[in-house]
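Same order as they appear, the protein sequences are chains L and Y. If you read the first sequence in the UniProt record's numbering, its first letter stands for residue 1, the second for the next number, and so on. If you read the second sequence in the UniProt record's numbering, its first letter stands for residue 1, the second for the next number, and so on. All C-beta atoms in this analysis are idealised placements derived from N, C-alpha and C, irrespective of residue type, glycine included. Contents: one structure, followed by commentary.
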Amino acid sequence: MAHTSSPSRSRRLTAGLRSFAGLALTLGATFLGLLLVTFVIARVVPIDPVLSIVGERATTEQYNAVREALGLDQPLWRQFLIYVGDAVTGDLGTSLRTREPIAEEIARYFPATLELASIATIFGVLVGVPAGILAATRPGTWVDQLVRLVGLAGYSMPVFWLGLMGLLLFYGILGWVGGPGRLDAGFEMMFEFDVTRATGMILIDTALAGRWDMFANALSHIVLPAGVLGYYSMAYISRMTRSFMMNELSQEYITTARVKGMPEWRVIWIHALKNVMVPLITVIALSYANLLEGSVLTETVFAWPGLGLYITNALFAADMPAVLGGTIVVGAVFVGLNMFSDLLYRLVDPRAR
Amino acid sequence: MGQITSWLRDPNPASRLQARIGQYYLGWLRLSRNPLAMIGLTIVLSLLVMAAFAPLFATHDPIAQDLGQRLLPPGTPGHWLGTDDFGRDLWTRIVYGARITLYIVALVALTAPLFGLIVGTVAGYFGGWLDQVLMRITDIFLAFPKLILALALVAVLGPGVENAVLAIALTSWPPYARVARAETLTVRNADYIAAVRLQGAGALRIIWGYVMPMCLPSVIIRVTLDMAGVILTAAGLGFLGLGVQPPLPEWGLMISSGRKFLFEQWWVATIPGLAIFIVSLGFNLLGDGLRDVLDPRSSGK
């Protein structure tokens, strides 16, 4: 690419600031849109929130008092402003099932999902990136075809079915891993008493408490769900790595490096990989966001006490405030990760500035 | 035969029809050279045939229960894929399930891309503030977690096929709007559009008759590639009990009912999953192949 005249430093800085401000604006608008959608959904629900609090036999005065306390006598736009204000300050309402603040409940469930998605992403990157590079350096060979087929299979399998098949094979038949849940039933009791919930992530908490027997048990339980989720992340990452790498290998600097007599492994794993990492960061962040979403079905299959299970359980109990609270949190994390990857991309790649 | 191919390959077509059919023929030649795409096409066509002639393929009644024949393993005479916990033949239910899957896929494939096309072409053609507003809305929807939003929607609307379709369609139109807008931007200043405008065509006529057809190939590729995702989402909703309701033989729902005795009677949950896997793989392979044929930019990559 021809080198264009570089603009002055201050101009570049303001341009950078403007793109950052634009990004922040988009983030805010998207979050507001998310809240608008959940607000509309909440208002459409044929359940009267007042009635569900005061009960059937409340007097009209009681009913009206609660109605006013909830702000339901205000005009709709006003209600929406209150709703946004509450959500921004971390008040997601009260669960109809447990009568507890939803934000607190979610804070308890969320670490389990985070732990699962993190391990899955690590797995996806560790396997997916090398697989994609191998495929890109040997296009058309059986390695390439294999990577492509394994990836396509990942795109075509329902995650809950793969989870069930994994349980059937590795837990039911082979007995290599733990079953559903985060611990064996025996350890579950001990966990409540012996381990402090410092982070909410079971591997870290048990390690901090020095309970390595419990750690090993937790590991045997997390391997399968994390592996199932990681497979999807791997399918996506390997496919993207392959196409980025193919693109990079056709660049002139690669030819130059080869002509200079640089060993091929160095050309690929150092020179090209460095440039591939730039768009790849975005892909990894996106797949992480997708895993948070994919965890809804996985957690249901593995009885994993995370946010996904929280949402589905609330759904079956017709606890709409909890469902929508969970939706907002997942949506916010999702939107945030999207924007974060975008920002990272702009920071790392000078061409995108 | 030779005459037909030479007519199809004629470099100087005598009519528009011949030119167009010739183009399709060349595309088909390229597609048929890709073995994986042909496998995909075969799978999708088989699904169509199976759904259309379900009563011919089925060996039993998909709904009627026969408790004397409960949970027979695959390979039992008369029930080659086995039976479920109500004694219903799994093969029959898979065959009839193809109808439900196709019904959902077809409804989503008709509604979401059409809506996306309208939004994208209008935004791209008019530009300015309308473009800004429409694309912001699209971005907002694009940034949502699809499955979670679909869950919340179905939770409000109530479970059922139509509501599941509505939820999936509402969450899957934004990519089509993006694609359509990008295509519109490349053609809106083309000479042929200017010519139509000089002849006095209004914006509506130009968009509908001259811009949208140009967007169709890219949108069709995306639709084919997205179909697998639609099938998986629909199955996921069914699995959670939010989509198609029992006793209908929806594949995701069948997996969910087999979950209770996964370790004793594995086939009840396994076989419908295989059906979903094969069908989504078919759509993915076909979509991949179509992209190589229809989209010159990605060919050779």
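Does Glu264(L) get closer than 8 Å to chain Y when you measure Cβ to Cβ?
Taking Cβ atoms only, chain Y never reaches closer than 8 Å to Glu264(L), which makes this a no.
Can you tell me whether DSSP reads Asp61(Y) as helix, strand or coil?
The answer is coil: DSSP assigns Asp61(Y) none of H, G, I, E or B.
Output needed for Leu292(L): all residues of its chain with C-beta closer than 7 Å, excluding positions within five of it in sequence on either side, in chain order.
These residues qualify, in order along the chain: Thr113, Ala117, Val330, Val333 and Phe334.
Give the interface partners of Thr270(Y) over in chain C, defined as CB-CB distance under 9 Å, in chain order.
In the structure shown, chain C does not exist; the protein chains are L and Y.
Going along chain L in order, which residues have a C-beta closer than 9 Å to the C-beta of Asp131(Y)?
Result: empty, since nearest Cβ-Cβ is about 15 Å, beyond 9 Å.
How long is the line joining the alpha carbons of Gly140(L) and Val267(L), rounded to whole angstroms?
Between Gly140(L) and Val267(L), the alpha-carbon positions lie close to 20 Å from each other.
Compute the Euclidean distance between the alpha carbons of Gly209(Y) and Phe141(Y), then round it to the nearest angstrom.
Those two C-alpha atoms are separated by around 28 Å.
If you measure beta-carbon to beta-carbon, which residues of the region 215-236 of chain Y are closer than 7 Å to chain L?
Hits within the stretch, in order: Ala228, Leu232, Ala235 and Gly236.
Taking 8 Å as the CB-CB cut-off, is Tyr155(L) touching chain Y?
Interface with chain Y (8 Å Cβ-Cβ cutoff): Tyr155(L) is included.
Any idea if Glu248(L) is buried or exposed, counting beta-carbon neighbours within 10 angstroms, 16 or more meaning buried?
Residue environment for Glu248(L): buried (at least 16 other C-beta atoms within 10 angstroms of its C-beta).
Can you confirm whether Asn338(L), when its beta carbon is compared against all beta carbons of chain Y, has any partner nearer than 8 Å?
True, the Cβ-Cβ gap to chain Y drops below 8 Å.
Please say whether Thr184(Y) and Tyr125(Y) have beta carbons closer to each other than 8 Å?
It is a contact, given that the beta carbons lie within the stated cut-off.
Quick check: the Cα distance between Leu107(Y) and Gly154(L), rounded to an integer number of angstroms?
Roughly 25 Å separates the two Cα atoms.
How many angstroms separate the CA atom of Leu294(Y) from the CA atom of Arg33(Y)?
Approximately 14 Å, taken between the alpha carbons.
Going straight from the alpha carbon of Leu25(L) to that of Phe39(L), what length do you get?
C-alpha of Leu25(L) to C-alpha of Phe39(L): approximately 21 Å in a straight line.
Below 8 Å on the Cβ atoms is my contact criterion, and I expect Leu309(L) with Ala269(Y) to pass it. Report the Cβ-Cβ distance as a whole number of Å.
Between Ala269(Y) and Leu309(L) the Cβ distance is about 19 Å, and since that is not below 8 Å, they are no contact.
To the nearest angstrom, how far is the alpha carbon of Leu240(Y) from that of Ala226(L)?
Roughly 20 Å between the two C-alpha positions.
Please confirm whether Gly210(L) and Pro111(L) have their CB atoms less than 8 Å apart.
If you check the CB distance, Gly210(L) and Pro111(L) do not come in under 8 Å.
Please tell me whether Val143(L) has its Cβ less than 8 Å away from any Cβ of chain Y.
Judged by the 8 Å Cβ criterion, Val143(L) is not in contact with chain Y.
At 8 Å on the CB atoms, spell out the chain L contacts of Asn34(Y), in chain order.
At a beta-carbon threshold of 8 Å, none of the residues of chain L lie near Asn34(Y); the nearest stands roughly 12 Å away.
On a Cα-Cα basis, can you pick out the residue from Leu72(L), Thr60(L) and Thr137(L) that is closest to Met246(L)?
Among Leu72(L), Thr60(L) and Thr137(L), the Cα nearest to that of Met246(L) belongs to Thr137(L).
Taking only three categories from DSSP, how would you classify Asp213(L)?
Helix at Asp213(L).
Backbone CA spacing between Ala303(L) and Leu26(Y) [nearest angstrom]
Rounded to the nearest whole angstrom, the CA to CA distance from Ala303(L) to Leu26(Y) is 52 Å.
Cross-chain neighbours of Leu324(L) in chain Y, by beta carbon under 7 Å:
Near Leu324(L) (Cβ distances below 7 Å), the residues of chain Y are Ala152.
Compare the Cα-Cα distances from Leu280(L) to each of Tyr236(L), Glu252(L) and Ala322(L) and report the closest residue.
The option with the nearest alpha carbon to Leu280(L) is Tyr236(L).
Determine whether the Cβ of Ala155(Y) lies closer than 8 Å to any Cβ atom of chain L.
So yes, Ala155(Y) belongs to the interface.
C-alpha gap between Gly300(Y) and Met214(L), whole angstroms:
Any reading at Gly300(Y) is ruled out, since the residue's pLDDT is 40, under 50, leaving its predicted position unreliable.
Just how far apart, CA to CA, sit Gly128(Y) and Met135(Y)?
Each residue's alpha carbon lies about 11 Å from the other.
In whole angstroms, what is the alpha-carbon distance linking Ala317(L) and Phe160(L)?
Distance between the alpha carbons of Ala317(L) and Phe160(L) is about 21 Å.
With 8 Å set as the bound, which would you pick, yes or no: does the beta-carbon of Asn284(Y) sit closer than that to a beta-carbon of chain L?
For Asn284(Y), the nearest CB of chain L lies under 8 Å from its own CB, placing it at the interface with that chain.
Between the Cα of Ser287(L) and the Cα atoms of Glu299(L), Met190(L) and Phe340(L), which residue gives the shortest distance?
It is Phe340(L).
Excluding the 5 residues flanking Ile206(Y) on each side, which residues of the same chain have their C-beta closer than 8 Å to its C-beta?
Tyr125, Ile193, Val196 and Arg197.
Counting only runs of 3+ residues fully inside the region 129-207 of chain L, write out the beta strand (DSSP E) ranges in chain order.
Taking only runs of at least 3 residues, no beta strand (DSSP E) segment lies wholly in the region 129-207 of chain L.
Could you name the residues of the same chain whose beta carbon sits closer than 6 Å to that of Gln265(Y), not counting the 5 residues immediately before and after it, in chain order?
Cβ within range, chain order: Leu71.
Are the C-beta atoms of Ala112(Y) and some chain L residue less than 8 Å apart?
Not a single CB atom of chain L sits nearer than 8 Å to the CB of Ala112(Y).
Using C-beta distances below 8 Å, list every residue in its chain close to Ile278(Y), excluding the 5 sequence neighbours before and after it, in chain order.
Excluding sequence neighbours, Ile278(Y) sits near Ile43.
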